[in-house]
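Counting from 331, one number per residue, gives the positions in the sequence shown under this note's numbering. Where is the CB? At the ideal position from N, CA and C, for every residue including glycine.
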Amino acid sequence: ICQAALPGLARCQPFFSEQTRKPGKTLMIVSSTTDYREAARRRLPPFLFHYIDGGAYAEYTLRRNVEDLSEVALRQRVLQKDMTNLELGIELFGEQLSMPLALAPVGLTGMYARRGEVQAARAADRKGVPFTMSSVSVCPIEEVVPAIQRPMWFQLYVLKDRGFMKNVLERAKAAGCST
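Structural data, given as structure tokens:
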């Protein structure tokens, strides 16, 4: 979940690995978003967990989103039709996607898994959906783009340092980011 090069984090293990099983301990069964949150809380160093678990400022938007999403009830139904010819593909921004989904940007992904942005981009590429790279990624754009076949999207945080933003946008454009 972390880069061994970061001080104090070299002892971290992959999130869902047989290596993380301790003798006499039962593995947690993850079956809901709250279970994923708890598994992350148990495994991540506190500063990384709080980074991905928290929101901005007083966390009003985060709290409202959690409350609103808790009101959503999914109705499970057994598929009664032949789904062998189901087609989810769409065209979005001139790109053909295998389904109407994109991997959203997550800042500092490379701290959760070694070369995290490269791994996430490759996973998205294999599934035919876009990967969106954060402007606060650990891996440079120039490392991620050559690892995939399809165009990559890029998220820019607007900062006061206009020179930095201009440089990042130029690098994203030169690397072939399409959106």
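- When only Cα atoms are considered, C507 and M463 end up about 9 Å apart.
- Where E401 is concerned, there is no enclosing beta strand (DSSP E), because DSSP gives it neither an H nor an E.
- In the structure shown, Q426 adopts extended strand secondary structure according to DSSP, grouped into three states.
- According to the DSSP assignment, T462 belongs to no alpha helix (DSSP H) but to the beta strand (DSSP E) extending over 462 to 464.
- About 12 Å separates the CB atoms of L489 and L499; that is not less than 8 Å, and the two are not in contact.
- In this structure, the beta-carbon distance from V474 to V436 does not fall below 7 Å.
- Your pair R445 and C469 checks out as a contact, with CB atoms roughly 6 Å apart and the cut at 8 Å.
- Taken atom to atom, the span from the alpha-carbon of E472 to that of K503 is near 11 Å.
- Exclusion of the five residues before and after V360 leaves Y366, A369 as the residues of its chain whose Cβ lies within less than 7 Å of its Cβ.
- For Q410, there is no enclosing beta strand (DSSP E), as DSSP marks it with neither H nor E.
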